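Residues 345 to 634 (my numbering) are what the sequence shown spells out, left to right.
Note that beta-carbon positions come from the ideal geometry of N, C-alpha and C, so glycine has one too.
Computed from a predicted model, the values in this text were never measured in an experiment.
One structure below.
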Amino acid sequence: MARKKISRNNAASQSNLASQTSHSPSKRSRSPTLAEQAERHHLYQLAVQSPQTDVALLQQIYHQARGRSARRLREDFCGTAALLCAWLRQGAAFSGEGIDIDDEPLAWGKQNNFKPLGKHGRRADLRVAEARAPSLVAPDIRCAFNFSYWIFRRREVLCEYFRAVYADLAADGVFVIDLHGGAEVFSEEEEVTDCGEFDLVCHQTAVSPVDHSANLALHFRFADGSEMHNAFQYTWRIWSMPEIMDVLREAGFDDLRAYWCCDEGEETRYELTERGYNDFAWVACLAAVK
Numbered sequence: 345m346a347r348k349k350i351s352r353n354n355a356a357s358q359s360n361l362a363s364q365t366s367h368s369p370s371k372r373s374r375s376p377t378l379a380e381q382a383e384r385h386h387l388y389q390l391a392v393q394s395p396q397t398d399v400a401l402l403q404q405i406y407h408q409a410r411g412r413s414a415r416r417l418r419e420d421f422c423g424t425a426a427l428l429c430a431w432l433r434q435g436a437a438f439s440g441e442g443i444d445i446d447d448e449p450l451a452w453g454k455q456n457n458f459k460p461l462g463k464h465g466r467r468a469d470l471r472v473a474e475a476r477a478p479s480l481v482a483p484d485i486r487c488a489f490n491f492s493y494w495i496f497r498r499r500e501v502l503c504e505y506f507r508a509v510y511a512d513l514a515a516d517g518v519f520v521i522d523l524h525g526g527a528e529v530f531s532e533e534e535e536v537t538d539c540g541e542f543d544l545v546c547h548q549t550a551v552s553p554v555d556h557s558a559n560l561a562l563h564f565r566f567a568d569g570s571e572m573h574n575a576f577q578y579t580w581r582i583w584s585m586p587e588i589m590d591v592l593r594e595a596g597f598d599d600l601r602a603y604w605c606c607d608e609g610e611e612t613r614y615e616l617t618e619r620g621y622n623d624f625a626w627v628a629c630l631a632a633v634k
């Protein structure tokens, strides 16, 4: 899938990637493994995110809803804010805001993603805040990608978040979220994706048929046999599309549009659909038009 995403809520990340040095019996220092040399946020961006694709998708959705381009974006659960940086690269007319409750990925993003933008990075605000916090400026478009909002496991809490989004958007605003489903979504297994110089391993466990809660861990494996284990960990609820649509309607959105991810060789496009496709595994986006 071009939308390489599995999930992300950096506030739930558990691992500590401080390098560890071990010694052979001869007391001589060994060379660090590839896993020990790697940085988890960098790997995550390479393996899971596709910011340019997402910017194009957001503009496609907004243009189809409003007949023009969106100018201001708010990225919820933004982590390192790679998407927000790609948004700014569209030009001087574009601005935005990134929100995350964890200051560690935000600090990494400021240093590694925003600093290279120079003065252009000033068109965005990065804040440590809860996802339900109001924006500094009402956004044209707001998103919660990588299934990050699945951390809201109770319906009333998810509805509270969606209501806050509705109230926060500009008068002609659009809210976009992604989700995945199909029979595979409830599988307890490891899914390995070749990312070139390393493999991404998505390991889902503890799936409950009662409340659809599940644990997901992301590992990164390298050619030298080393592994960055539990680089990111999440506990969330696997929400279905009808459930999410019902909650969005309860929150005030009555114009909901489903966009299905269609892979065609090396290209990925999102197709507006009323029925979708009953595949074993699928990825889609929901647009909630205010």
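Through-space distance from residue j to residue i, alpha-carbon basis
i      : j      : result
Ala391 : Val633 : 30 Å
Leu402 : Trp494 : 20 Å
Trp626 : Asn559 : 19 Å
His464 : Asp447 : 21 Å
Ser439 : Arg415 : 6 Å
Lys371 : Trp583 : Low confidence applies to Lys371: its pLDDT is 48, below 50, so where it sits in the model is not reliable enough to give any reading.
Val554 : Arg499 : 14 Å
Asp623 : Ile521 : 20 Å
Cys487 : Gln455 : 23 Å
Cys539 : Arg466 : 32 Å
Gly462 : Glu608 : 36 Å
Gln393 : Ala437 : 24 Å
Thr365 : Met572 : Residue placement at Thr365 is flagged as unreliable, the pLDDT there being 34, under the threshold of 50; a coordinate-derived value is accordingly withheld.
Chain-order list of residues whose beta-carbon lies under 7 Å from that of residue i (same chain, five-residue window excluded)
i      : result
Glu532 : Gln548, Thr549 and Val551
Pro449 : Asn354, His385, Gly423 and Thr424
Glu615 : Tyr603, Trp604 and Cys606
Arg507 : Ala595 and Gly596
Asn457 : Thr424, Ala425, Ala426 and Cys429
Ala468 : Leu428, Leu432, Ser439, Gly440, Glu441 and Gly442
Beta-bridge pairing of residue i - partner residues as DSSP gives them
i      : result
Phe458 : Paired residue(s): none; Phe458 is not in a bridge.
Ser394 : DSSP lists no partner for Ser394.
Gly442 : Glu419 and Leu470
Tyr621 : For Tyr621, which the question treats as bridged, DSSP gives no partner whatsoever.
Val591 : In DSSP, Val591 forms no bridge with anything.
Arg613 : Cys606
Sequence-distant residues of the same chain with beta carbon closer than 8 Å to residue i, five excluded per side
i      : result
His367 : Caution applies to His367, whose pLDDT of 39 falls short of 50 and renders its modelled position unreliable; the model cannot decide the point.
Ala585 : First, the amino acid is wrong: residue 585 is Met here, not Ala. So the qualifying residues of the chain are Leu523, Gly525, Ala602, Gly620, Ala628 and Leu630.
Glu618 : Ala602
Leu600 : Met589, Leu592, Arg593, Leu630, Ala631, Ala632 and Val633
CB contact flag (residue i, residue j, <8 Å)
i      : j      : result
Ala426 : Gln381 : no
Cys546 : Glu528 : no
Ala561 : Gln577 : yes
Leu470 : Gly442 : yes
Gly435 : Asp484 : no
Glu419 : Leu428 : yes
Ala514 : Ala482 : yes
Ala475 : Phe519 : no
His556 : Ala575 : no
Pro395 : Ala430 : yes
Val472 : Asp512 : no
Residues near residue i in its chain [Cβ-Cβ closer than 6 Å; skip 5 each side]
i      : result
Cys503 : Val591, Glu594 and Ala595
Phe530 : Val551
Trp452 : His385 and Thr424
Leu378 : Phe566, Asp568 and Ser570
Trp580 : Trp494 and Ile495
Asp543 : Val536 and Arg565
Val399 : Ala430 and Trp431
Tyr406 : Ala414, Ile485 and Val518
| task | Output the residue ranges of the beta strand (DSSP E) runs that lie fully inside the region 514-589 and measure 3 residues or longer, sorted by chain position. | result | Runs of the beta strand (DSSP E) inside the region 514-589: 518-525, 534-538, 542-549, 557-566 and 571-581.
| field | Unbroken stretches of the beta strand (DSSP E), 3 residues or longer, contained in the region 473-517 | value | Runs of beta strand (DSSP E) with 3 or more residues, each lying fully within the region 473-517, are found at 485-488, listed in chain order.
| field | Entirely enclosed beta strand (DSSP E) segments - the region 372-424, minimum 3 residues | value | Entirely contained in the region 372-424, the beta strand (DSSP E) runs reaching 3 residues are, in chain order, 416-419.
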